[in-house]
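Step one of this worksheet: look at the structure below.
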Amino acid sequence: MDDESLIYNLWRIRRTVLQMCHDRGYLVSQDELDQTLDQFKDTYGDKPSENKPARSHLNVVVAHNDDPTNTLIARFSDQEKNGVKEIKEYCKKMEDEHLTSTILIVQKGLTPMARDVIINELENKKIQFQVFLESELLVNITEHH
Numbered sequence: 023m024d025d026e027s028l029i030y031n032l033w034r035i036r037r038t039v040l041q042m043c044h045d046r047g048y049l050v051s052q053d054e055l056d057q058t059l060d061q062f063k064d065t066y067g068d069k070p071s072e073n074k075p076a077r078s079h080l081n082v083v084v085a086h087n088d089d090p091t092n093t094l095i096a097r098f099s100d101q102e103k104n105g106v107k108e109i110k111e112y113c114k115k116m117e118d119e120h121l122t123s124t125i126l127i128v129q130k131g132l133t134p135m136a137r138d139v140i141i142n143e144l145e146n147k148k149i150q151f152q153v154f155l156e157s158e159l160l161v162n163i164t165e166h167h
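Going by the numbering used here, the first residue of the sequence shown is number 23, and it counts up by one from there.
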């Protein structure tokens with residue numbers, strides 16, 4: 023995919039993630055929700071092939087309206103495929119940063135063992151960890167009835 027197509031897709035994905043956070047009651051500024059493609063390029067760059075932006079530059083951390091200690095990170099993975107090592111690193115970062123929820127946005131999914139880590143290990147820790155493929159977030163389905 024060329025840079026122009028990829029930057030357009032990354033902008034759409036991040037916009038959907040911000041809308042999802044807002045819909046779940048997290049504090050997201052109206053400016054972020056209304057960010058245009060040109061504003062996105064000005065902020066993050068327009069050459070993803072040169073890591074401008076790297077996907078991880080698009081991460082979002084938000085606090086919940088009703089409970090500021092309830093924090094969520096939407097983490098964009100730079101890895102094409104994520105395995106156990108990456109999932110454990112994300113979990114460690116969550117604990118270090120006192121985050122209660124994660125939305126992980128991946129390019130091509132998780133290995134089966136990584137899925138097992140999420141299912142088996144994280145449920146015991148009361149950590150919410152959701153995984154979405156980038157392709158699932160190109161469109162906000164709640165806006166298209």
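Here a beta-carbon is modelled for each residue, glycine too, at the ideal position from N, C-alpha and C.
*Among residues of its own chain, excluding the 5 on either side of residue 136, which ones have a beta-carbon nearer than 6 Å to its beta-carbon?*
When the five nearest sequence neighbours on each side are left out, the beta carbons in the same chain lying within less than 6 Å of the beta carbon of residue 136 are those of 104, 105, 106, 109, in order along the chain.
*asked:* Considering Cα atoms alone, identify which of 25, 96, 116, 54 is closest to residue 72.
replied: 25
*If we count the other Cβ atoms within 10 Å of its Cβ and call it buried at 16 or more, is residue 121 buried or exposed?*
buried
*Of all the options 32, 59, 82, which has the alpha carbon lying nearest to the alpha carbon of residue 95?*
Considering only alpha carbons, the answer is 82.
*Look at the alpha carbon of residue 87 and the alpha carbon of residue 46, and state the distance between them as a whole number of angstroms.*
9 Å
*Buried or exposed by the 16-neighbour rule on C-beta atoms within 10 Å, applied to residue 35*: buried
*Note the first and the last residue of the continuous alpha helix (DSSP H) segment covering residue 38.*
25–45
_Range covered by the beta strand (DSSP E) that runs through residue 83_ = 82–85
*Return the first residue and the last residue of the alpha helix (DSSP H) that residue 55 is part of.*
52–55
*How big is the Cα-Cα spacing for residue 140 and residue 99?*
16 Å
*May I have the straight-line CA-CA distance separating residue 123 from residue 23, to the nearest angstrom?*
The alpha-carbon atoms of residue 123 and residue 23 are separated by roughly 31 Å.
*Go through its chain and collect everything with a Cβ distance to residue 31's Cβ below 8 Å, but skip five positions before and after it.*
23, 156, 160
_Reduced DSSP secondary structure (H/G/I, E/B, other) of residue 73_ = Residue state, collapsed to three classes: coil.
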